[in-house]
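If you read the sequence shown in full-length UniProt numbering, its first letter stands for residue 1, the second for the next number, and so on.
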Amino acid sequence: MSPQQFLQLGPLRLEYRQLPATDPSRPTLVLLHEGLGSAGQWKDFPLRLAQASGCGVVTYSRQGYGQSSPVTLPRPLNYLTSDGPRELRQLLDALQLPQVVLLGHSDGASIVLAYAAANDPRVLGSIALAPHVIVETESLDGIRHTTEVWHQGPLRERLARHHGANVDGAFHGWSDSWLHPDFSLDDLEAQLAYIEKPLLVIQGREDHYATPEQLVIIQRQVPGPCRCVLLDDCRHFPQTEATERTLQLICEFLERLPAFI
């Protein structure tokens, strides 16, 4: 795992980790974690991704996660399309990354899609693993189940190893937002129509937080080059449950990018 570093963005401190590129001509892959994740919870996936692709890899903990600054609760209900993209732009500016490919998982994938809609010229393409663009019954049922497990105790203890003092804010910032009766992803679904750069979407067929309808909507709404892949024998974590196939799909996507640049 790459060493922990910190970016100071005004009052905001972000934890991040960075692996150098083995091929300096390649873009940097910027990874955005899931709703309960952090920079360190990608485990060895960033290293394997760097080795397979030749790209540099950056992971970071969004505000309220890992060792980054705490977040004030409640989060705004549109945090996936407001706070997340704004923070990502600050990170790209601070790290002065000239060419990037965004890769997000779950909540992080939804943020990637929202940012892709802005068509930042630094972003050559985007990859979304198990994204959410609509709120489904399966999503809410999965979050309710996870909340029940949280209240039993051991999940909080496991997450505290990654989030420290942020653990309660990380969990409730995610679960309380999603389970709020007014929570919606309508603004994100509408933004899909503005994504022009190449997009790869990967979802597990047995995803317990979503159905393949997520891919149907993305494929229908995105006007730019878009490939959606549904993986067999995979649930919500393609990067750990179908690692080799996921790496293969990502590398194929990266190899095709120059045709669009």
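Cβ atoms here follow ideal geometry from the backbone N, Cα and C, with glycine treated the same way. No experiment lies behind these values; they were computed from the predicted model shown.
At a Cβ-Cβ threshold of 8 Å, Q41 and H208 do not count as neighbours. When rounded, the separation of the alpha-carbon atoms in E148 and H180 is 16 Å. Burial of R75 is indicated by the presence of at least 16 other C-beta atoms within 10 angstroms of its C-beta. Contact between the stretch 181 to 195 and the stretch 61 to 69 is absent, with fewer than three C-beta pairs closer than 8 Å.
A116 places its beta carbon less than 8 Å from that of L199. If you keep only unbroken beta strand (DSSP E) runs of at least 3 residues inside the stretch 149 to 180, you get nothing at all.
Counting only runs of 3 or more residues that sit fully inside the stretch 92 to 137, the beta strand (DSSP E) segments are 100 to 105, 123 to 129, in chain order. Under a 10 Å Cβ-count criterion, T246 is classified as buried, with 16 or more other Cβ atoms of the shown protein chains found around its own Cβ. Annotated as proximal: L91 and L7, with beta-carbon spacing under 8 Å.
I195 carries a coil assignment under DSSP once its states are collapsed to helix, strand and coil.
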